[in-house]
Amino acid sequence: MEAKTPFAKHLDTNYVPSDEELPLIRALIQQKAETLAVLNARIKALEVERDAEQSFVQRHIALISPIKRVPDDILSSIFIACLALRRDRYEPWPTGHPAVILSHVCSRWRQLALKTPILWSTLKIYIPPFPAGHPMGLVHMSSLIQRTAESEATHSWEKQVERLLRLSRVWIARSKDCFLTIDFLVVDISPSAPDSTISTISSIIGVICDASWRWKRAWLHLPSRTPINSLALGRLYDLKPADIPSLCDLALSQSRPFFGSSAPISPPDTGILGGGVIRTLSFTFQSFPSLNSLPIKWAQLTKLVFDGNPGLHYDYYAQGGSEGVQFDGASALGLMRRCPQLAHCDISFGHYTQDLNAAIESVTLPYLQFLCFRYYIPGKHFVSSLHLPALQALSFRSFHDSSMRTVGPHNSRLAAWLQTYGQQITDVEFNVKTLSQSALYACMDLLTNLTSLRLDHNGNISHTPPTPPWHAANEPEAEVTYVPAKLDGDFLHRLTPHDDSGNTSVEAPVWCPRLETIRFPKEFGGVTFSEVELAQFIAGRRLDRNGKGLREVIAVLGTLKGQIDVKGHLDEMGVDLNGLEIKVFYPSTFLVRPASPMVYPETDYDHLYTE
1 MEAKTPFAKH LDTNYVPSDE ELPLIRALIQ QKAETLAVLN ARIKALEVER
51 DAEQSFVQRH IALISPIKRV PDDILSSIFI ACLALRRDRY EPWPTGHPAV
101 ILSHVCSRWR QLALKTPILW STLKIYIPPF PAGHPMGLVH MSSLIQRTAE
151 SEATHSWEKQ VERLLRLSRV WIARSKDCFL TIDFLVVDIS PSAPDSTIST
201 ISSIIGVICD ASWRWKRAWL HLPSRTPINS LALGRLYDLK PADIPSLCDL
251 ALSQSRPFFG SSAPISPPDT GILGGGVIRT LSFTFQSFPS LNSLPIKWAQ
301 LTKLVFDGNP GLHYDYYAQG GSEGVQFDGA SALGLMRRCP QLAHCDISFG
351 HYTQDLNAAI ESVTLPYLQF LCFRYYIPGK HFVSSLHLPA LQALSFRSFH
401 DSSMRTVGPH NSRLAAWLQT YGQQITDVEF NVKTLSQSAL YACMDLLTNL
451 TSLRLDHNGN ISHTPPTPPW HAANEPEAEV TYVPAKLDGD FLHRLTPHDD
501 SGNTSVEAPV WCPRLETIRF PKEFGGVTFS EVELAQFIAG RRLDRNGKGL
551 REVIAVLGTL KGQIDVKGHL DEMGVDLNGL EIKVFYPSTF LVRPASPMVY
601 PETDYDHLYT E
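Going by full-length UniProt numbering, the letters in the sequence shown line up with residues 1 to 611, in that order.
Rendered as structure tokens:
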């Protein structure tokens with residue numbers, strides 16, 4: 001309520017008071033200013049009183065909080081369950097680890113966390129690279145400034161390594177006798193690194209190797225075996241099978257040397273690869289090009305992840321580099337033949353892999369349920385040389401494929417796989433940009449039993465390296481040009497079942513009648529259908545009474561959000577959304593994207609787009 005004033009008609013105008021009116025206005029201001037001060041004082045007193053009452057209530061609510069009544073054994077089980085939550089492997093360690101977060105809640109939780117050894121059983125030790133060059137771009141500054149900056153950077157690096165040593169000792173001690181998960185990464189150590197810090201790195205290796213008998217899982221990314229690296233990491237290089245009696249999950253990779261010549265990271269006849277109970281193994285062709293000499297107990301492996309890609313120097317390897325050793329289709333079959341117990345197999349090929357010219361002796365893997373090939377799709381002779389009676393999931397995960405050129409839908413490499421296993425598998429993933437529209441449709445016709453479909457796409461920009469001349473010579477039947485397939489409204493129309501009114505009926509049988517999960521490409525340009533067409537597809541699938549219907553839909557549209565809200569539109573249509581997860585992402589209005597899609601996490605859409 002506004003106070004009365006004789007100057008009401010002049011307020012908020014350009015009126016200029018006369019000299020006679022000024023004292024009256026000043027008196028009014030003084031009067032109301034005093035009243036305002038009194039009110040502010042009362043408000044402040046009330047705020048203090050309110051805060052006190054609010055604090056009283058909140059502290060008493062906390063006193064009767066149900067979590068405080070949970071017994072320690074149940075609370076400890078809840079703590080352990082937190083370890084199973086999906087986390088970013090590259091989050092800060094240990095600050096982002098559940099053990100640290102839980103131990104900072106209260107004294108009771110801290111004591112309970114310290115008494116729960118399994119919370120401290122995962123060590124993630126990433127040794128930062130030694131600072132080199134001219135820190136902070138000081139190349140043009142004086143030598144004194146450069147030396148000072150380099151000295152500060154080196155000192156900071158030493159402190160980080162010393163901190164990792166302290167943390168390693170603390171976590172090893174707190175984990176007591178629990179099995180350990182070791183995630184260790186170190187790059188080539190510079191010869192200019194201080195001797196004291198090399199000794200500290202060696203001490204870190206000593207701490208974790210002293211507990212190697214407790215290793216259950218180990219992910220090791222090591223540099224090549226140079227003299228300086230051996231000085232710091234020698235004990236890790238020389239682990240023997242007897243040192244790791246409990247290790248069942250091993251991932252081992254090697255980085256290229258930056259300083260000097262290198263040697264294999266492990267002697268060919270010994271080493272950690274020979275662990276007696278290893279069931280899950282991941283390693284690289286680049287690190288171990290001679291598979292025959294490795295001490296791996298192939299027959300007991302149930303999961304194999306093998307990277308046969310020699311790296312970015314594909315010109316060198318394609319011409320027979322590395323003593324002419326290459327990992328090709330025949331090598332892949334030979335590798336799979338060694339592992340008759342496999343249930344999960346994930347193989348990466350090089351950019352330009354030589355395929356089989358004819359079928360060879362058949363390889364039977366009776367327990368294999370998941371098969372993934374990256375960067376290359378082996379052809380029909382490879383398919384005919386495999387017998388996979390238990391296969392449920394096929395994944396051709398790549399953003400480029402040197403076999404993409406085909407002469408027709410039924411002659412494509414993807415079609416060869418789906419003709420053999422399309423009616424058997426329930427889960428498939430492939431890159432639609434490697435196919436023509438007719439080839440894509442022919443492949444979809446073969447997926448009669450599918451429940452999960454994931455489609456990849458290069459997006460608007462191709463990331464395929466230039467095709468070398470020898471590849472075209474190896475496949476003279478290949479077409480020179482083709483038009484990549486589109487995921488458009490017609491594609492969705494063919495995935496949409498009939499409804500009672502016939503509005504969404506199609507002449508051809510609906511694709512994938514049992515489909516429950518579909519993930520469209522996360523690249524710009526991957527889809528061209530609209531929000532309305534997506535909503536119609538979801539509605540048709542949810543209204544279908546022949547199966548379970550959709551449970552998950554993830555789509556990335558190439559246009560800014562604006563036409564409709566998909567979820568709201570479906571709700572207006574009366575579609576039951578219970579039990580259905582819908583994620584529709586749009587490009588941000590301002591988006592700086594990574595240079596290559598190959599660095600994206602395989603299931604992460606959220607950091608690229610807005611929902």
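Idealized CB from N, CA, C, for every residue including glycine.
- In this structure, L165 keeps its C-beta atom at 8 Å or more from the C-beta atom of K216.
- Contact between D188 and S255 holds, since their C-beta atoms are separated by about 7 Å, short of 8 Å.
- Annotation for A251: W219, S282 place their beta carbon closer than 6 Å to its own, counting only its chain and skipping 5 residues before and after.
- Under the DSSP assignment, L112 falls outside any beta strand (DSSP E), being part of the alpha helix (DSSP H) whose first and last residues are 107 to 114.
- Boundaries of the beta strand (DSSP E) harbouring P223: 215 to 223, taken from the DSSP string.
- Per DSSP, N40 is not a residue of any beta strand (DSSP E); the alpha helix (DSSP H) it occupies stretches across 22 to 63.
- When T448, P340, P128, E49 are compared, the shortest CA-CA separation from K159 is found for P128.
- DSSP lists L123, A218 as the bridge partner or partners of I182.
- Per DSSP, the continuous beta strand (DSSP E) segment holding T517 begins and ends at 517 to 519.
- Excluding its 5 nearest sequence neighbours in each direction, W213 has C-beta neighbours in its own chain below 8 Å: D243, I244, P245, S246, listed in chain order.
- CA-CA distance, G271 to R338, rounds to 19 Å.
- The three-state secondary structure of C339, taken from DSSP, is coil.
- Secondary structure at S290: coil, using DSSP grouped into helix, strand and coil.
- With respect to the 8 Å criterion, L455 and R519 are classified as neighbours on the basis of their beta carbons.
- A direct Cα-Cα distance of roughly 13 Å separates P194 from E152.
- Under DSSP, R397 shares a beta bridge with R374.
- Under the DSSP definition of a beta bridge, N431 partners with D456.
- For Q437, the enclosing alpha helix (DSSP H) covers residues 437 to 445.
- Among the bridge pairs identified by DSSP, E533 is matched with none.
- Annotation: A3 is outside any alpha helix (DSSP H) and is labelled neither H nor E by DSSP.
- With a threshold of 16 other beta carbon atoms within 10 Å, M444 meets it and is buried.
- Here C345 carries a strand assignment [DSSP, helix/strand/coil].
- Inter-residue distance for E572 and C82 is about 38 Å (C-alpha atoms, whole angstroms).
- Across the structure, G526 and H457 are spaced so that their CA atoms are roughly 5 Å apart.
- In this structure, L414 lies near L435, with their beta-carbon atoms less than 8 Å apart.
- Taking 8 Å as the cut-off, the Cβ atoms of F382 and L365 do not count as close.
- With respect to V566, I554 sits apart: the two C-beta atoms are not nearer than 8 Å.
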